[in-house]
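Numbering (our numbering), first residue to last: 158 to 439.
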């Protein structure tokens, strides 16, 4: 799965947003993801036999436009396993259509051993700029109206959007043509509570209360956090991280005093203030 979640470069100049600029950002994401994968498992390159796929990988990972710090870590691996190809390497961006660009990304992904590419587009509504629906519409329009992009074989695109944005996509080309299907996701308090407990169990913790002082308020932290999430899994995770980070900061400031390691009521209060500021766009 490839996560596309950084839109800061695009919203800085909303009048310039285009499908092409989306593709440039997706290529940045792809370069980081592929580089990280190959740093952990360089042997994947041994299975890449297709000459064009090898040239694509070399172009992607040697472009300092996309992943300069990761390229340096991969230099030795690339020189050994994917030497500089003969002739001019393929240009991943210039003069290419969005469909052609994504077909090349899918080629890279399949060459590295995956059947399909799942592109997760999330966080579009996390930016202050997208509170302006004109900016939000500009970001979405070039993702959901380009049939060449949506029709790329072995590419699956999922967008997570707030309910209030539904009118922005309800009449787009992707929905009208049947290429995009709209599903409404609803999360109640019990579902979010179960999600939180599953995440805590993975970390080896039964409940947030096991990390807190006995006299903390609210007394049932898990249920209180699920309520504060207001039906949003993303908000649940964001507030949970904020709560734990606040206590970690307090612990560090205390010189790592063991008595300062547990969650306190003031951490909860500060987390609520943080949540209110985020909701207000501050």
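By construction, the Cβ of each residue, glycine as well, lies at the ideal position given by its N, Cα and C atoms.
Treat the numbers as computed from the prediction; the structure is a model and nothing was measured.
Enumerate in chain order the residues of its own chain whose CB-to-CB distance from residue 319 is below 6 Å, with the five nearest sequence positions on each side excluded.
Once the five neighbours on either side are set aside, the close Cβ partners of residue 319 are 282.
Tell me whether residue 376 is buried or exposed, calling it buried when 16 or more other Cβ atoms sit within 10 Å of its Cβ.
Exposed, by the Cβ-count rule.
Determine the extent of the beta strand (DSSP E) in which residue 194 is found, giving its start and end residues.
Here residue 194 belongs to no beta strand (DSSP E); instead the alpha helix (DSSP H) covers 176-197.
Assuming residue 263 is part of the alpha helix (DSSP H), what are its boundary residues?
Start and end: 255-268.
Below 8 Å, how does it come out for the region 267-285 and the region 158-166: are there three or more Cβ pairs, yes or no?
The region 267-285, when compared against the region 158-166, does touch it at the 8 Å Cβ threshold.
Taking contact to mean at least 3 C-beta pairs separated by less than 8 Å, is the region 378-395 in contact with the region 338-356?
With a cut-off of 8 Å, the region 338-356 and the region 378-395 count as touching, because enough Cβ pairs lie within range.
Return the chain-ordered list of same chain residues with a C-beta closer than 6 Å to the C-beta of residue 427, the five sequence neighbours on each side being excluded.
Excluding positions up to five away in sequence, the list reads 403.
Just to confirm, is the Cβ distance from residue 370 to residue 419 under 7 Å?
Against a cut-off of 7 Å, the Cβ pair of residue 419 and residue 370 comes out as a contact.
Taking one C-beta from the region 249-267 and one from the region 176-185 each time, how about it: are there three or more such pairs within less than 8 Å?
They touch, by the three-pair rule.
Is the distance from the Cβ of residue 171 to the Cβ of residue 295 below 7 Å?
Their beta carbons are under 7 Å apart, which means residue 171 touches residue 295 by this criterion.
Go ahead and label residue 314 buried or exposed: buried means 16 or more other beta carbons lie within 10 angstroms of its beta carbon, across all protein chains shown.
Buried, because 16 or more other Cβ atoms sit within 10 Å of the Cβ of residue 314.
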